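For the sequence shown, our numbering puts the final residue at 370, and the numbers step up evenly by one.
Glycine included, C-beta positions come from ideal geometry on N, C-alpha and C.
Small disclaimer: the values here were computed from a predicted structure and weren't measured.
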Amino acid sequence: MVPSDTLGRVKRLVLETIGWLLIVAGIAALVLPGPGLLMLFAGLLLLSQQYEWAERRVDPVRLRALRGAADSVQTWPRIALSTLGALVILGFGVLWVFRPPAPEWWPLEASYWLLGGAWTGVTLILSGLLALALLVYSYRRFHDRPGALAELDHEIEEADEDR
């Protein structure tokens with residue numbers, strides 16, 4: 208039988224490792240395709256169970272992510288561009304999964320065509336689906352709802368004052 212103290216340490220190590228991996232991936236996804244703020248939030252949420260500094264940053268990151276989501280559905284051109292972006296990511300994911308041969312115009316060796324293989328495609332597809340789901344959520348929560356937007360702005364102001 209494994210002592211509960213050992214299980215607690217293993218759990219803490221696993222949660223911290225996943226938290227840090229999510230933070231690093233979230234920072235990378237801020238400039239690469241993917242839900243960067245969402246991954247940062249998830250990483251901070253996990254680390255906030257162990258660290259006070261992370262706990263203080265969870266709410267501001269959550270609020271900024273929500274504000275970004277609200278901004279993405281304020282106008283029809285933004286909605287269309289956000290949807291198009293998610294569909295492009297999905298399309299690239301499908302391309303990576305089916306991995307067609309390198310076209311003739313490809314200037315590099317064929318081995319450099321679609322690096323990463325099927326798992327890259329799977330993660331792109333998941334990112335695209337997540338982006339579409341978040342777009343639907345944002346639309347339902349914030350589009351044509353000035354009260355919800357004002358409430359979010361008020362929460363952001365309060366969080367900024369508390370820091």
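message = Less than 7 Å between C-beta atoms, sequence neighbours within five positions excluded: which residues of the same chain meet that for E223?
response = Numbered from 1 along the sequence shown, position 16 holds the residue referred to as residue 223. So the list reads L254 and Q257, once near-sequence residues are dropped.
task = Taking P310 as part of the alpha helix (DSSP H), name the residues at either end of that continuous run.
result = For this step, residue 310 is matched to residue 103 along the sequence shown. It is not in any alpha helix (DSSP H) - P310 carries neither H nor E in the DSSP assignment.
Given F322 as reference, the closest of R348, I225 and L302 once Cα atoms are compared = One-based indexing of the sequence shown puts residue 322 at position 115. Looking at the sequence itself, residue 322 is Leu, so the reference to Phe does not match. That would be L302, whose Cα lies nearest to the Cα of L322.
request  = Classify V238 as helix, strand or coil using the three-state DSSP reduction.
outcome  = For this step, residue 238 is matched to residue 31 along the sequence shown. Coil at V238, not helix or strand.
message = Tell me the residue span of the alpha helix (DSSP H) that contains W326.
response = As a working note, residue 326 is residue 119 in the sequence shown. Counting along the chain, the alpha helix (DSSP H) containing W326 begins and ends at A325 to F349.
request  = Classify P267 as helix, strand or coil using the three-state DSSP reduction.
outcome  = Indexing the sequence shown from 1 puts residue 267 at position 60. Helix at P267.
Classification of P242 by the beta-carbon crowding that lies within 10 angstroms, buried from 16 upward = Position 35 of the sequence shown holds residue 242. Answer is buried; the Cβ neighbour count reaches 16.
message = Less than 8 Å between the C-beta atoms of G233 and M246, yes or no?
response = Reading the sequence shown from its first residue, position 26 is the one you call residue 233. Reading the sequence shown from its first residue, position 39 is the one you call residue 246. Yes, they are a contact pair.
task = Inspect the beta-carbon positions of F299 and L339 and report whether they are closer than 8 Å.
result = Taking the sequence shown and counting its residues from 1, one reaches residue 299 at position 92. Taking the sequence shown and counting its residues from 1, one reaches residue 339 at position 132. The answer is no: Cβ separation not under 8 Å.
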